[in-house]
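S.K.:
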Amino acid sequence: MTKFGRRGVLAGSAGALAMPWVANAQAPGVKIGLVAVQTGPAAALGTHLKDGFMQGLKHLDGKLGGLTASVVDIDDELRPEVAVTKVRTALERDKVDFVVGVVFSNILQAIIRPVTESGTILVSTNAGPSTFAGAGCNPNLFVTSYSNDQVHSVMGAAAETNGYKKVFILVPNYQAGKDAVAGFKSRFKGEVVDEVYVPLNQLDFSAELAKIAAAKPDAIFTFMPGGLGVNLVKQYRAAGLAHIPFLSTFTVDESTLPAQQDAALGFFSACPWAPNMDNAANQKFVKDFEAAHNYVPGSYAAQSYDAAMLLDSAIKKTGGNLANKDALRAAIKAADFHSVRGPFKFGTNHYPVQDFWLCKVVKRADGKYATETVRKVLENDTDPYAAQCKM
Amino acid sequence: MSTQLLLIQSLNGLQFGVLLFLVAAGLTLVFGVMDFINLAHGVQYMLGAYLGASLAAATGSFWLALVLALPATLLAGLALEWLVFRHLYGRDHLAQVLATFGVILSLNQLVRMVWGSAPLQMPTPALLEGSIPLMPGLNYPLYRAAILVAGLATAGLLWLVVERTRLGALVRAGATNAPMVAALGVDIHRLFMLVFGCGAMLAGFAGVMAAPILSVDPGMGDTVLILAFVVIVIGGIGSVRGAFIAALLVGLIETLGRSLMPDVMRLVLAPSPARQTGAALASMLVYVAMAGILAWRPRGLFPVRAG
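Below, the structure is given as structure tokens:
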């Protein structure tokens, strides 16, 4: 390619990229900064999150509470410093009215101050660290997912009611792994035969699988997000251990099932939502989402879809007034919308008070893999930190 | 821990070592013969896994996918050599590191654009689906045994080619003193291309073989690359024999360390801190071993004497 030609192409594509941006800048209405990781190994989760929110907007005809919505795409690259820079730009240059999204807690921790201190409302659709649930709660933060520990404790409660006496725990050796163990143990009263911590970049689990076989537990509890979980599930099944119940959190879900497939069948997960939930809002969401994106939505997508519906209901309540933040916060807090989870309300700390389920991996009639609710484990559960929140 | 469990863990360690050898063999050839640091070796492994997974999905056969993926990764390697790498042979290592790191970023992104960011799956071939019972409640999948065999066969074949053929003599000569080989009238560029192509194909082969037991995702090459570098540094850069021994060593240290360290720590610490310090120490063990071996033999276990 000649020099001129290459430059021409570059200039042309830069122009093309800039154009929708110009159109957005001139549109009146409500502007959302959507934070979703789109680079690196975790990009699949960001895709779920983003597609879920956009599906919500689509169902609302591109409007939130009657105001035309425009979305500023923010790829946090799973790097806190990048997230802060990009979010600041969105706040100062693009003047976004809300910041929505965020898959990972460390990103939320990085952006919460710049966003909330500017008076902008932040809606986290996945990350739910305990730091902002208790004494550190924030009037401008709303969480549509859960408090992280809650999910792990659901599995502890499920193991307890299933009557398991001996459980083997396997988690990655970092903060979230240790939190998972603490959460699980908070409701499991039986014996933990062994706790094994593996490095975050572990490839081969055969050493751990041999240990599990030797310990002969009633069940294992594990938290292995992303590729770790894919490796573990495949190798666990191949080693013939699948007769030991596989209790997990964030290990078998719609983001990893396309790679785990049959290996994950019958494995358990703790969840506030599953695609098969029987309510009108959810059925519409799942059906249209699958038609549009050709994959089964995961909880990341569902919680983001809920966020779109939540903001729509709140803006409607204030009559499209985005300036009166007190009224806006009260309207969001009311959570007057149909969640895909069925009943949904906010606690005093702006984290959800909701039901949690034991879910199981199934192969649906159409050949796709999904999680399905088995039974309700906790009803109207408030996270353990809410009492410390003074708001 | 029982003797039986210890034996099983050693087997697991050897098998992981063989998998590492498959990745490291190509890397050590390219680094040794061409004095070229190819950080992109990991993405070539990833490319092999992706091509294998999608070819298996398209053809419905693991074996056909394996056979087709090998020339495909060879071609991809040659294309990369032609596009990027051949312009870097004369440059210093920093330029090579920077450029090949750029290749990692671009190929990771390309893979994401073509295949999406969700992990893919590659089925185990029906022929190797069974398993051998190792102890009550634990099976050893036949497929893992196949990886072991494939790795040993690759090692044997490479040894034969490198030690017993004229081409191998040239490769060894190139590793020792490339300018001299060129001065003797050998087309060193063609030799480099050949070595590079073989290296890429070996990485691709490792990727296809690993795909049924590991997650096929856009970051998969990065994790394995670090261990592969540890292997070739311990083994002596450029030495296939060294890479083989070192890979087994790293596999054993890594696996046995992970399974024994927490128990060892329990002798001196309470159970809960013992687990965590044990896990932390186990993940450092490979690097500690590397530092130790380098202090003892700075050029690795089997140094290829270069000028």
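Respectively, the protein sequence lines represent chains A and B. In this text, residue positions in the first sequence follow my numbering: the first is 1, and each later residue adds one. In this text, residue positions in the second sequence follow my numbering: the first is 1001, and each later residue adds one. The C-beta atom is built at its ideal place from N, Cα and C for all residues, glycine as well. The structure displayed is predicted, hence computed values, not measured ones.
(1) Return helix, strand or coil for B/V1304, following the three-state DSSP convention.
(2) Just to confirm before moving on: does the CB-CB distance between A/T125 and A/A307 stay below 7 Å?
(3) Strictly under 7 Å for the Cβ-Cβ distance: is B/S1215 near chain A by that measure?
(4) Please work out which residues of its chain come closer than 6 Å, Cβ to Cβ, to A/D355, disregarding the five sequence neighbours upstream and downstream, and give them in chain order.
(5) Closest to B/V1097 by C-alpha separation, out of B/G1060, B/V1030 and B/A1040, would be which residue?
(6) Is the stretch 1083-1092 of chain B close to the stretch 1214-1229 of chain B, with three or more CB pairs under 8 Å?
(7) Helix, strand or coil, according to DSSP, for A/M341 in the structure here?
(8) Thinking just about the alpha-carbon of each residue, which of A/N148, A/S153, A/E77 and A/E191 is nearest to the one in A/K165?
(9) Tell me, which residues are paired with B/V1216 by DSSP?
(10) Please decide whether B/N1012 counts as near chain A, where near means a Cβ-Cβ distance under 7 Å.
(11) Quick check on this structure: which residue in A/N201, A/Q261, A/F267 and A/G227 has the alpha carbon closest to the alpha carbon of A/F221?
(12) Can you tell me where the alpha helix (DSSP H) holding B/A1155 begins and where it ends?
(13) Just confirm the distance between the C-beta atoms of A/V230 and A/V361, as a whole number of angstroms; I'd bet it's less than 8 Å.
(14) Using three-state DSSP, classify A/K216 as helix, strand or coil.
(15) Please name the residues in the stretch 34-64 of chain A whose beta-carbon is closer than 7 Å to at least one beta-carbon of chain B, in chain order.
(16) Could you tell me if B/H1093 is buried or exposed, where buried requires 16 or more neighbouring beta carbons within 10 angstroms of its beta carbon?
(17) Looking at the structure shown, is A/K189 part of a helix, part of a strand, or coil, going by DSSP?
(18) Below 8 Å, can you find three or more Cβ-Cβ pairs linking the stretch 1170-1184 of chain B to the stretch 263-279 of chain A?
(19) Cα separation between B/V1304 and B/M1046?
(20) From this set, B/D1035, B/P1298, B/L1157 and B/L1078, which residue's C-alpha is nearest B/R1241's C-alpha?
(21) To which residues of the same chain is A/A90 closer than 8 Å at the C-beta, ignoring the five residues directly before and after it?
(22) What residues are listed by DSSP as bridge partners for A/W357?
(23) Using a Cβ-Cβ cutoff of 9 Å, what residues of the stretch 1219-1250 of chain B are near chain A? List them in chain order.
(24) Taking 7 Å as the CB-CB limit, is B/F1101 close to chain A?
(25) Three-state secondary structure (DSSP) at A/A69?
(26) Based on Cα-Cα distance, which residue from B/M1220, B/G1221 and B/A1243 lies nearest to B/V1230?
(27) Helix, strand or coil: which one does DSSP assign to A/G320?
(28) Is A/A210 close to the ligand ADP? I mean its beta-carbon at under 6 Å from any heavy atom of the ligand.
(29) Against chain A, with Cβ distances strictly below 7 Å, would B/P1119 count as a contact?
(30) Using the C-alpha atoms, what's the distance from A/S248 back to A/G65?
(31) Cβ atoms of B/G1130 and B/L1138: under 7 Å apart, would you say?
(32) Pop quiz: B/A1210 and B/A1049 are said to be a contact at Cβ under 8 Å. What is the actual Cβ separation, rounded to whole angstroms?
(33) Would a check of beta-carbon distances place A/P195 closer than 7 Å to chain B?
(34) Please classify A/A387: does DSSP put it in a helix, a strand, or coil?
(35) Per DSSP, what kind of secondary structure is B/T1003 in: helix, strand or coil?
(36) Around the C-beta of B/W1063, are 16 or more other C-beta atoms found within 10 angstroms, so that it is buried, or is it exposed?
M.R.: According to the structure shown:
(1) coil
(2) yes
(3) yes
(4) K376 and E379
(5) B/A1040
(6) no
(7) First, the residue type needs correcting, since residue 341 of chain A is Arg and not Met in the sequence shown. Coil at A/R341, not helix or strand.
(8) A/E191
(9) B/L1120
(10) yes
(11) A/F267
(12) L1142 to R1164
(13) A/V230 to A/V361, Cβ: 13 Å. No contact.
(14) coil
(15) G40, P41, A43, A44 and T47
(16) exposed
(17) coil
(18) no
(19) 28 Å
(20) B/L1157
(21) G33, V72, I74, V96 and V99
(22) A/C271 and A/K376
(23) G1219, M1220, D1222, T1223, V1224, I1226 and L1227
(24) no
(25) strand
(26) B/A1243
(27) coil
(28) Among the ligands in the structure shown, none appear at all, so the ligand ADP cannot be discussed.
(29) yes
(30) 38 Å
(31) no
(32) 6 Å
(33) Sequence inspection shows Glu at residue 195 of chain A; the Pro mentioned does not correspond to that position. Chain B, which has a Cβ nearer than 7 Å to the Cβ of A/E195, makes this yes.
(34) helix
(35) helix
(36) exposed
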